[in-house]
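Structure first, then comments.
There are 2 protein chains.
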Amino acid sequence: MASRPKATILDIAREAGVSKSTVSLVLQGSGLIRPETAVKVRKAIEDVGYVYNRGAANLRKAHSNVIGMVINDLTNPFFAELAVGMERVFQSAGIVPFIANTAENPVRQEEVLKSLMEQGVAGLIVSPARGTTPGAFRRLEMAGLPVVFAMRRLPESRIPVIAPDNHRGAFLATQHLIGKGHRRLAFFGGSSDLVVYHERLGGFREACETLGIAAGDRLIFEGETSRKGGIACMETALAMAAPPTAALCFNDAVAFGAMLALRKRGLEPGADFAVVGFDDVAEAEHYMPALTSVAVDSAGLGERAAHVMLKMIQSRTTRAEDHIGAVNLVVRDSCGPDLRTGMGDAA
Amino acid sequence: MASRPKATILDIAREAGVSKSTVSLVLQGSGLIRPETAVKVRKAIEDVGYVYNRGAANLRKAHSNVIGMVINDLTNPFFAELAVGMERVFQSAGIVPFIANTAENPVRQEEVLKSLMEQGVAGLIVSPARGTTPGAFRRLEMAGLPVVFAMRRLPESRIPVIAPDNHRGAFLATQHLIGKGHRRLAFFGGSSDLVVYHERLGGFREACETLGIAAGDRLIFEGETSRKGGIACMETALAMAAPPTAALCFNDAVAFGAMLALRKRGLEPGADFAVVGFDDVAEAEHYMPALTSVAVDSAGLGERAAHVMLKMIQSRTTRAEDHIGAVNLVVRDSCGPDLRTGMGDAA
DNA sequence: TTGATTTATTGGAACGTTCCATTTATAGGC
DNA sequence: GCCTATAAATGGAACGTTCCAATAAATCAA
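Next comes the structure, spelled out in structure tokens:
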């Protein structure tokens with residue numbers, strides 16, 4: 001059954017007793033058509049169960065209305081939020097964004113990018129997978145396709161970037177920790193193949209230097225950017241002879257993991273060890289204890305990225321300015337009371 | 001700059017000194033081509049920076065290799081997991097799935113479906129938005145497009161469904177609660193425009209009836225399927241003259257909300273009030289207290305849905321059997337100790 | 001009435017592929 | 001050497017649109 005030969009505008013034309021050109025005009029909502037004719041045509045469209053063939057249309061128009069979003073990890077609510085923000089603005093522009101997940105896999109990313117291009121997308125918003133090679137986007141640039149990076153960037157690339165102010169966020173968080181009286185600080189999670197990592201770590205370092213934390217009292221623990229990674233970091237940190245008393249975590253997932261590891265050791269996050277996260281995912285607010293974290297407004301960044309993309313398409317350019325989004329530290333309970341006036345020195 | 005006229009297979013043909021047909025054959029990996037010729041052509045492809053135009057190809061082939069996934073809420077990790085499961089199997093079949101989010105909005109869903117169809121997808125996997133009208137998928141059926149529903153279903157529809165055994169899951173959870181000694185039970189969250197809601201509520205009811213809970217001791221609280229909804233449900237429940245002592249929640253988000261509301265009231269989830277969730281998202285395990293929940297293996301269901309879709313496409317049919325996935329109750333700490341032997345009757 | 005102007009409609013070429021039917025080249029059998 | 005069989009490459013028609021240039025119909029000024 002089913003699968004009868006699909007109806008085309010010629011079928012509609014025959015049904016309505018007009019020419020295919022007229023049908024095409026109606027489809028595009030042209031004002032040149034007499035209203036009664038348009039009505040007649042629209043009825044025929046309905047009757048034959050027509051579905052528009054955008055592929056055929058693009059063959060002539062060379063101007064598709066689909067935009068691809070390539071996301072490195074859809075299961076991370078942080079990136080899902082980003083996608084939702086983008087969708088919001090595309091929707092009101094009558095554009096349907098197609099999302100594809102790369103699962104943090106550069107090979108998969110290559111496939112996805114290729115497929116999207118073949119589909120004839122008008123532009124691409126990408127949060128590149130970790131370990132993406134610098135040349136991965138050369139083909140896109142060659143094709144003159146508008147591309148913007150969101151949240152993440154590549155080491156050296158002329159592609160515009162929409163991202164939060166990672167450096168400042170980390171600086172603020174570290175400053176907060178030091179203000180609480182901590183003198184031996186750790187940075188948990190992330191790895192150096194991510195530009196974001198260097199940015200956040202840079203903010204951490206600068207705050208330490210500026211505020212007089214000795215180099216030997218700044219402990220860096222690389223690790224997975226997940227709960228699991230956070231657990232691992234905390235465990236190795238606590239096993240040290242002179243463990244840190246506070247940690248800035250690469251992201252909230254790591255922070256949750258770190259707090260979990262504390263509990264497992266019988267320590268109370270906040271009181272016995274201060275933890276700060278990054279990203280401020282929805283969960284941070286509801287955790288026990290509520291997580292102090294650097295809020296980055298990912299939906300807002302998504303919207304911004306979408307706007308930039310729209311503008312690039314409209315002005316047929318492949319360049320645009322970077323946009324660094326504001327961040328702010330949301331103080332909750334995971335850093336406990338002030339160490340100097342509070343329950344006295346731990347460690 | 002950029003945007004020079006895009007290279008076509010004719011440009012490649014000229015560059016390589018062969019005919020367009022030969023290039024086409026090479027592109028399709030035909031064995032009819034002399035290896036040396038193929039090499040020559042492939043070099044030309046590289047040189048001119050060619051990108052395949054799948055739209056043009058589909059015009060003849062009428063057999064695209066893209067599959068659309070329409071998800072009602074991408075920010076819910078539960079659905080994101082589903083998407084990831086599907087992707088896994090499509091990837092190994094050389095198919096790139098495009099994900100689109102409807103944000104639980106039927107109008108948006110209509111647009112998305114339309115756009116995907118116009119794009120010429122080979123099939124659609126859909127988790128329908130709440131409030132979807134029964135006729136929303138008529139057009140797809142008319143077009144003979146393979147469609148499968150995942151996780152959710154529509155009241156009356158012949159479209160195959162891949163979903164967890166909601167009834168049984170709810171039954172098991174309720175049984176667990178009753179086994180713990182609870183005699184006054186609530187069902188929190190969800191609303192009756194969702195088929196899932198009726199399924200889960202049905203399991204709850206059946207368990208209550210079978211195990212001798214009086215009709216007056218089964219309290220139903222409709223509400224949003226979010227943390228917020230859970231908070232609201234718990235608050236109205238606790239305000240009752242004779243409040244329940246345990247609740248089965250529509251999903252984990254509702255359960256988290258319910259526990260939050262308990263804490264706000266100074267009550268301890270588990271000890272003072274038993275809470276069970278549904279879906280068993282990753283977070284459930286790490287929550288304080290760890291949430292007892294009905295695990296549904298969403299990634300597994302995603303894989304199953306993808307397999308069914310692949311089979312439908314291959315056999316050019318629009319029908320397939322439903323598939324009800326196994327569920328199992330994961331007991332953790334949110335139902336506390338046994339009421340009969342434990343801390344005595346609350347409430 | 002005639003010609004000019006505006007309003008609606010239309011045919012046909014083009015877009016970049018695929019695929020069938022041919023053609024051309026290469027090899028094999030006698 | 002010729003005929004046949006096989007291998008490799010090719011031209012042309014189609015696919016479903018858009019859009020330009022052209023036509024047809026209706027309106028208007030004189």
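Same order as they appear, the protein sequences are chains G and A.
Sequential numbering of the first sequence, starting at 1, is according to full-length UniProt numbering.
Sequential numbering of the second sequence, starting at 1, is according to full-length UniProt numbering.
Glycine is no exception: its CB is placed at the ideal position from the N, C-alpha and C atoms.
These numbers come from a predicted model, not from an experiment.
Under a Cβ-count criterion, where at least 16 other Cβ atoms within 10 Å of its own Cβ denotes burial, should residue i be classed as buried or exposed?
i: residue 195(G); result: buried
i: residue 177(A); result: buried
i: residue 127(G); result: buried
i: residue 318(G); result: buried
i: residue 3(G); result: Because the pLDDT of residue 3(G) is 49, which lies under 50, any placement of that residue in the model is unreliable, and the number read from its coordinates should be weighed accordingly. Label assigned to residue 3(G): exposed.
i: residue 43(G); result: exposed
i: residue 35(A); result: exposed
i: residue 264(G); result: exposed
i: residue 60(A); result: exposed
i: residue 108(G); result: buried
i: residue 146(G); result: buried
i: residue 100(A); result: buried
Check whether the Cβ of residue i lies closer than 9 Å to any Cβ atom in chain A.
i: residue 168(G); result: no
i: residue 6(G); result: yes
i: residue 158(G); result: no
i: residue 99(G); result: yes
i: residue 262(G); result: no
i: residue 284(G); result: no
i: residue 347(G); result: Residue placement at residue 347(G) is poorly supported in this model, since its pLDDT is 38, which falls under 50; the coordinates are not used for a value here.
i: residue 16(G); result: no
i: residue 3(G); result: For residue 3(G), the predicted structure reports a pLDDT of 49, less than 50, and the residue's modelled location is therefore unreliable. A value from the coordinates is still provided. Yes, contact with chain A.
i: residue 139(G); result: yes
i: residue 277(G); result: no
Skipping 5 residues on each side, what residues in its chain have a beta carbon closer than 6 Å to that of residue i?
i: residue 68(A); result: 98, 116, 121, 124
i: residue 251(A); result: 225, 278, 279
i: residue 334(A); result: 269, 270, 275, 289, 291, 292
i: residue 234(G); result: 258, 261
i: residue 58(A); result: 64, 120
i: residue 211(G); result: 178
i: residue 1(A); result: Confidence is the limiting factor: at residue 1(A) the pLDDT is only 42, short of 50, which leaves the residue's position unreliable, though a coordinate-based value still follows. Once the five neighbours on either side are set aside, residue 1(A) has no close Cβ partner at all.
i: residue 304(G); result: 162, 323
i: residue 222(A); result: 191
i: residue 136(A); result: none
If we call anything under 9 Å between Cβ atoms a contact, is residue i one with residue j?
i: residue 220(G); j: residue 201(G); result: yes
i: residue 207(A); j: residue 246(A); result: no
i: residue 204(G); j: residue 286(A); result: no
i: residue 312(G); j: residue 49(A); result: no
i: residue 300(A); j: residue 336(A); result: no
i: residue 110(A); j: residue 96(G); result: no
i: residue 284(A); j: residue 332(A); result: yes
i: residue 329(A); j: residue 294(A); result: yes
i: residue 162(A); j: residue 171(A); result: no
i: residue 281(A); j: residue 320(A); result: no
i: residue 70(G); j: residue 113(G); result: yes
If I measure Cβ to Cβ from residue i and keep anything under 8 Å in the same chain, skipping five residues before and after, which residues do I get?
i: residue 134(A); result: 154, 155, 156, 157
Is there a C-beta anywhere in chain G that falls below 9 Å from the one on residue i?
i: residue 116(A); result: yes
i: residue 111(A); result: yes
i: residue 77(A); result: yes
i: residue 42(A); result: no
i: residue 66(A); result: yes
i: residue 201(A); result: no
i: residue 126(A); result: no
i: residue 120(A); result: yes
i: residue 312(A); result: no
i: residue 197(A); result: no
Ordered along the chain, which non-local residues of its own chain (more than five positions away) have a Cβ less than 7 Å from that of residue i?
i: residue 47(G); result: 15
i: residue 182(A); result: 245, 246, 274, 339
i: residue 105(G); result: 129
i: residue 168(G); result: 203, 327
i: residue 84(A); result: 299, 302
i: residue 139(G); result: none
message: Can you confirm whether the region 179-190 of chain G touches the region 148-159 of chain G when touching is taken to mean that 3 or more C-beta pairs between the two stretches lie within less than 8 Å?
response: no
message: Pairs of beta-carbons, one from the region 54-66 of chain G and one from the region 259-269 of chain G, closer than 8 Å: are there three or more?
response: no
query: If you pair each beta-carbon of the region 60-79 of chain G with each one of the region 62-80 of chain A, do three or more pairs fall below 8 Å?
result: yes
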